[in-house]
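Colleague:
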Amino acid sequence: AQKITQTQPGMFVQEKEAVTLDCTYDTSDQSYGLFWYKQPSSGEMIFLIYQGSYDEQNATEGRYSLNFQKARKSANLVISASQLGDSAMYFCAMRGNSNDYKLSFGAGTTVTVRA
Amino acid sequence: DGGITQSPKYLFRKEGQNVTLSCEQNLNHDAMYWYRQDPGQGLRLIYYSQIVNDFQKGDIAEGYSVSREKKESFPLTVTSAQKNPTAFYLCASSSDAGGSDTQYFGPGTRLTVL
Numbered sequence: 001a002q003k004i005t006q007t008q009p010g011m012f013v014q015e016k017e018a019v020t021l022d023c024t025y026d027t028s029d030q031s032y033g034l035f036w037y038k039q040p041s042s043g044e045m046i047f048l049i050y051q052g053s054y055d056e057q058n059a060t061e062g063r064y065s066l067n068f069q070k071a072r073k074s075a076n077l078v079i080s081a082s083q084l085g086d087s088a089m090y091f092c093a094m095r096g097n098s099n100d101y102k103l104s105f106g107a108g109t110t111v112t113v114r115a
Numbered sequence: 001d002g003g004i005t006q007s008p009k010y011l012f013r014k015e016g017q018n019v020t021l022s023c024e025q026n027l028n029h030d031a032m033y034w035y036r037q038d039p040g041q042g043l044r045l046i047y048y049s050q051i052v053n054d055f056q057k058g059d060i061a062e063g064y065s066v067s068r069e070k071k072e073s074f075p076l077t078v079t080s081a082q083k084n085p086t087a088f089y090l091c092a093s094s095s096d097a098g099g100s101d102t103q104y105f106g107p108g109t110r111l112t113v114l
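Taken in sequence, the protein lines are chains V and Y. Start counting the first sequence at 1; every next residue gets the next number (my numbering). Start counting the second sequence at 1; every next residue gets the next number (my numbering).
#1: Show which residues of chain V have a CB atom less than 8 Å away from the CB atom of THR102(Y).
#2: If LEU76(Y) sits next to THR112(Y), beta carbons under 8 Å apart, how far is it from one beta carbon to the other, in whole angstroms?
#3: For ASP96(Y), which three-state DSSP category applies?
#4: Express the C-alpha separation of CYS92(V) and ASN67(V) in angstroms, rounding to a whole number.
#5: Would you verify that the beta carbon of GLY58(Y) is, or is not, closer than 8 Å to some beta carbon of chain V?
#6: Under 8 Å by Cβ, that's how I've got SER74(V) and ILE4(V) pegged, so tell me the actual separation to the nearest angstrom.
#7: Applying a beta-carbon distance threshold of less than 9 Å, which residues of chain V neighbour PHE88(Y)?
#8: Between the stretch 61–73 of chain Y and the stretch 75–94 of chain V, do three or more beta carbon pairs fall short of 8 Å?
#9: Would you say PHE105(Y) reaches chain V, if we count a Cβ-Cβ gap shorter than 8 Å as a contact?
#10: Can you tell me which of the three DSSP states GLY108(V) falls into?
#11: Are the C-beta atoms of GLY42(Y) and some chain V residue less than 8 Å apart?
#12: So the candidates are ASN26(Y), GLN56(Y) and SER67(Y); which of them puts its Cα closest to the Cα of TYR104(Y)?
#13: Look at the Cβ atom of ARG13(Y), then the Cβ atom of ALA87(Y), and state whether they are nearer than 8 Å.
#14: Below 6 Å CB to CB, which residues in the same chain sit around LYS38(V) once its five sequence neighbours on both sides are set aside?
#15: For GLY108(Y), decide whether its Cβ has a neighbour in chain V, counting only Cβ atoms nearer than 8 Å.
#16: What does a CB cutoff of less than 8 Å around LYS9(Y) pick up in its chain, not counting 5 residues either side in sequence?
#17: Return the chain-ordered list of same chain residues with a C-beta closer than 6 Å to the C-beta of ASP59(Y), the five sequence neighbours on each side being excluded.
#18: Would a check of beta-carbon distances place GLY108(V) closer than 8 Å to chain Y?
#19: Here's a check: name, in chain order, each residue in its chain whose Cβ is nearer than 8 Å to the Cβ of ALA81(Y), leaving out the five neighbours to either side.
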């Protein structure tokens, strides 16, 4: 079974500062993928970034970067230079070869950016 | 524009009624998925389909049914057997069902049972 844990239910960050969202996972799979999604108040899930378990470098996409520490089974999302539009719910998810096509989601972290 | 559309955005149902949620994609994706989200929680998989005319149950399939007669369409029926159907429903698709393949989501349908 796969399990995703996001321990921060809510966070506040000042505009233009960086914020780190924690994500730890548990799996016995050797090959797996880790995903981060953003869900604004409108409800749609927006894909942000992907990290494969065999990728040697941390993934980056614009202001988003993933701090992948395989031995610790953590995949933290870093948002740099926060903007007001970053206020949303953020979900960590994973997919493993034993779980085929299922994305397992964490409970999410709400981020509020203050001006 | 390529994307995933879901309709309606809001849906109200009386107890005992079946309702069907629409999901259409023009991304030419093979795989499609249905998720349920309850307030303050993550997503849970209801059903998924890797190819036309084939689909599999997810973690919470009881009280739901699906069909996949066309590649572009994956409608979800919430039956009267679903005991607590009030939730936010999200449809997703991916180019295939491989481990690294990203799932892209539609805007969602909010279902309320009156």
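Ideal Cβ placement from N, Cα and C applies to all residues, glycine included. Small disclaimer: the values here were computed from a predicted structure and weren't measured.
Modeller: Taking the definition as stated:
#1: When 8 Å is used as the limit between beta carbons, THR102(Y) is near these residues of chain V: PHE35, PHE47 and TYR50, in chain order.
#2: Contact flag wrong, Cβ pair sits at about 16 Å.
#3: coil
#4: 12 Å
#5: Judged by the 8 Å Cβ criterion, GLY58(Y) is in contact with chain V.
#6: That belief does not hold up - the Cβ atoms of SER74(V) and ILE4(V) are roughly 11 Å apart, past 8 Å.
#7: Those are GLY43, listed as they occur along chain V.
#8: no
#9: yes
#10: coil
#11: Yes, its Cβ sits closer than 8 Å to a Cβ of chain V.
#12: Ranked by Cα distance from TYR104(Y), the options ASN26(Y), GLN56(Y) and SER67(Y) are led by ASN26(Y).
#13: no
#14: ILE46, LEU48, ALA88 and TYR90
#15: yes
#16: Take LYS9(Y), set aside five residues on each side of it, and the residues of its chain with a beta-carbon closer than 8 Å to its own are PRO107, GLY108, THR109 and ARG110, in chain order.
#17: ARG44 and LEU45
#18: yes
#19: Hits under 8 Å: GLU62 and GLY63.
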